[in-house]
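Novice: Residue numbers (the UniProt record's numbering): 1 to 322. My questions all concern the structure below.
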Amino acid sequence: MPARPPRPARPSASDQLLHNVVSRLRLRHLPLLLALERQRSVSRVAAELDLSQPAVTKALREIEDIFMTPLFERTRRGLEPTATGTAVLAHARVALAEAEALGRELTAIEAGLRGRLRLGVIPYVSRPVLDAACAYGLDQQPRLSVLVREGTTDELVNALRLHELDCVIVRSFYVPGEDIVQAPLYREEPVLVVPARAAERLARGTLDWHRLAELDWILPPPHTPVRRTINTMFATAGVAPPLPTVETYSIKTTATLLRSQPAAITMVPKSVAAELVDGGGAAVLPYTLSWDLPPVGIMWRRQAEQNEVVSALVAALRKVVA
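This is the structure in structure tokens:
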């Protein structure tokens, strides 16, 4: 009697999980998971997505069956992601960002463009660098579609890591890590800017930090590199940092306040001060200042295949600052 052939070994749990994710997970599953993360409630997700509650519950069970474990647990505060759920949600955000980017890039290509560049910039970027960054895509043949998103360094680096942006021009104070590459571009000197009609009076005598602290300060939001640096400068001079009258990173808002508020004052990089003075109503005080603010640099994601568009942009910006 011939021997029976050995039974095929059952796949391990890890093999089965990998098979499920590769063969059964669909892009349409991901918006539901992200909606559950936002809303923390099946009923609110059903209302947001215009579905019935049983349909949402059934879809979640199907997705959890793919991952072979619960992705959310019920708590007093609503649905909370499990450890597995947290990992899945992180990848879901990236996957959806990449899918949206691909769709928009293909739309640009169909319209006769070369592709799309998603660029993040902090508000305090020198005009020549910003001009060069924007002109880079428009000078290509065929042209690139360029998205410019403004934000703080923290916001933009986070968007870069979520694949919402291709590269960012920010303060180079981050330790880039394995996923981020950075290249410094330039350093900046700080200057004090005040209303033009108050400049002569405020420029008399030596620099007096106590007197300056009593003015109406326009400062960037808390926890930004420039704000932290200005606070440190006051502390080093033995003066408590001023309580800002207005907190903004907007150059346009700052210019408006300098024209309308006689006691207004701000400290900005010299390149930004030039824009404020050119707009009229503002003047630079003749004091030499220094700060240890990190340089402005460009960051992009480290990828197995080099992004030629980003590489060419980095080279173009380095030529401008050279």
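No residue lacks a Cβ here, since even glycine has one placed at the ideal position from N, Cα and C.
Report the three-state DSSP secondary structure of Glu64 (helix, strand or coil).
Specialist: As a first step, residue 64 must be located in the sequence shown, where it is residue number 64. In the structure shown, Glu64 sits in a helix (DSSP, three-state: H, G or I).
Novice: What do you reckon, are the CB atoms on Leu215 and Ala263 nearer than 8 angstroms?
Specialist: Indexing the sequence shown from 1 puts residue 215 at position 215. Indexing the sequence shown from 1 puts residue 263 at position 263. Yes, they are a contact pair.
Novice: Between which two residues does the beta strand (DSSP E) carrying Gly137 extend?
Specialist: As a first step, residue 137 must be located in the sequence shown, where it is residue number 137. Premise fails: Gly137 lies in the alpha helix (DSSP H), Arg127 to Asp139, not in any beta strand (DSSP E).
Novice: With Thr75 as the anchor, note down where its beta strand (DSSP E) starts and where it stops.
Specialist: Walking along the sequence shown from the start, residue 75 turns up at place 75. Where Thr75 is concerned, the enclosing beta strand (DSSP E) stretches over Phe72 to Thr75.
Novice: Since Trp209 is in the alpha helix (DSSP H), which residue starts that stretch and which ends it?
Specialist: As a working note, residue 209 is residue 209 in the sequence shown. Trp209 -> alpha helix (DSSP H) spans Trp209 to Ala213.
Novice: With H, G and I counted as helix, E and B as strand and the rest as coil, what does DSSP make of Arg301?
Specialist: Start at 1 with the first residue of the sequence shown, and residue 301 comes out as number 301. Note: Arg301 maps to strand in three-state DSSP.
Novice: Answer with buried or exposed for Ser172, where buried requires no fewer than 16 other C-beta atoms within 10 angstroms of its C-beta.
Specialist: In the sequence shown, the residue the question calls residue 172 occupies position 172. Its Cβ being crowded by 16 or more others within 10 Å, Ser172 is buried.
Novice: Exposed or buried, which one is residue 385 when buried takes at least 16 other CB atoms within 10 Å?
Specialist: Residue 385 falls outside the range modelled here, since the chain spans only 1 to 322, and no answer is possible.
Novice: Output needed for residue 325: all residues of its chain with C-beta closer than 6 angstroms, excluding positions within five of it in sequence on either side, in chain order.
Specialist: Nothing can be reported for residue 325, as the shown portion of the chain is limited to 1 through 322.
Novice: Do you know offhand how far Asp292's Cα is from Gly281's?
Specialist: Reading the sequence shown from its first residue, position 292 is the one you call residue 292. Reading the sequence shown from its first residue, position 281 is the one you call residue 281. Rounded to the nearest angstrom, the two C-alpha atoms are 29 angstroms apart.
Novice: Cutting at 7 angstroms between CB atoms, please list the residues of its own chain near Gln257, excluding the five before and the five after it.
Specialist: In the sequence shown, residue 257 corresponds to position 257, counting from 1. Per the sequence shown, the amino acid found at residue 257 is Leu instead of Gln. So the list reads Ile218, Val246 and Ala264, once near-sequence residues are dropped.
Novice: Check whether the Cβ atoms of Phe72 and Glu62 lie closer than 8 angstroms to each other.
Specialist: Position 72 of the sequence shown, counted from the first residue, corresponds to residue 72. Position 62 of the sequence shown, counted from the first residue, corresponds to residue 62. No, the Cβ-Cβ distance between Phe72 and Glu62 is not below 8 angstroms.
Novice: Is the beta carbon of Val296 sitting closer than 8 angstroms to the one on Val125?
Specialist: Along the sequence shown, read from residue 1 onward, the residue named residue 296 stands at position 296. Along the sequence shown, read from residue 1 onward, the residue named residue 125 stands at position 125. A contact, by the Cβ cut-off of 8 angstroms.
Novice: Can you tell which of Pro190, Thr229, Ile169 and Arg201 has its C-alpha closest to the C-alpha of Val272?
Specialist: Counted from its first residue, the sequence shown places residue 272 at position 272. Per the Cα distances, Pro190.
Novice: Report the partner residues of Thr57 according to the DSSP bridge assignment.
Specialist: Along the sequence shown, one-based indexing puts residue 57 at 57. According to DSSP, which records beta bridges pairwise, Thr57 is partnered with nothing at all.
Novice: Exposed or buried, what is Arg77 when buried is set at 16 or more other beta-carbons lying within 10 Å of its beta-carbon?
Specialist: Numbered from 1 along the sequence shown, position 77 holds the residue referred to as residue 77. By the neighbour-count rule (16 or more Cβ atoms within 10 Å), Arg77 is not buried but exposed.
Novice: I need the DSSP call for Gly281, collapsed to helix, strand or coil.
Specialist: As a first step, residue 281 is located in the sequence shown; it is residue number 281 there, counting from the start. Residue state, collapsed to three classes: coil.
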